[in-house]
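Heads up: the sequence shown runs through residues 38 to 156, numbered per my numbering.
Where is the CB? At the ideal position from N, CA and C, for every residue including glycine.
First up is the structure itself, then whatever we jot down about it.
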Amino acid sequence: MGHMSQFFDLTTPAKRFRLVAVLEAITWLALLIAMFFKWVLGHEEAVAIPGMVHGIVFVVFVVVSLITAVQLRWGLKVTAWALVSSIPPFGTLVFEWWAQRNGHLAELSVDTTPQRVAA
């Protein structure tokens, strides 16, 4: 339960970015499923709600990415990759993973410096 409460902790730009990145990927999945229902099973109305929700979350992701870029002082290259990651399905998850491991998500990033052990 503690891990889930950390996931919904939105006190920092990096944590807000992570949540929106995950939501963007989830809405992509919902839209892909809806497109299957529309194009394969012939349910034309299947994409109406998932499409609208994904569109809203996409715009929120772009805005949150730009705000996070300013607050965490991302360069133009990192910011551009964040924005481009919203285009392919699940790209936001890949970017979030990469940004975390490369020190671009502040407290969420893994500390890769060797730690000294006291003798």
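Note down the Cα distance separating residue i from residue j, rounded to an integer number of angstroms.
| i | j | result |
| --- | --- | --- |
| T105 | F54 | 7 Å |
| L109 | L66 | 28 Å |
| T48 | G79 | 44 Å |
| W118 | V99 | 11 Å |
| A83 | V115 | 35 Å |
| V77 | L68 | 14 Å |
| F95 | A62 | 9 Å |
| W111 | L120 | 12 Å |
Closer than 8 Å by C-beta to residue i: which residues in its own chain qualify, once you throw out the five before and the five after it? Chain order, please.
| i | result |
| --- | --- |
| F45 | L56 |
In its own chain, which residues sit with a C-beta less than 6 Å from the C-beta of residue i, not counting the 5 before and 5 after it?
| i | result |
| --- | --- |
| I86 | none |
| L145 | A51 and Q137 |
Assuming residue i and residue j form a contact by the criterion Cβ under 8 Å, report the distance between their Cβ atoms to the nearest whole angstrom.
| i | j | result |
| --- | --- | --- |
| A143 | A51 | 4 Å |
| T64 | V90 | 5 Å |
Can you list, in chain order, the residues of its chain with a C-beta nearer than 7 Å to that of residue i? Leave out the 5 residues immediately preceding and following it.
| i | result |
| --- | --- |
| V97 | V57 |
| I93 | none |
| S122 | G128, T129, V131 and F132 |
Should the region 71-83 be regarded as contacting the region 126-136, the criterion being three or more beta carbon pairs within less than 8 Å? no
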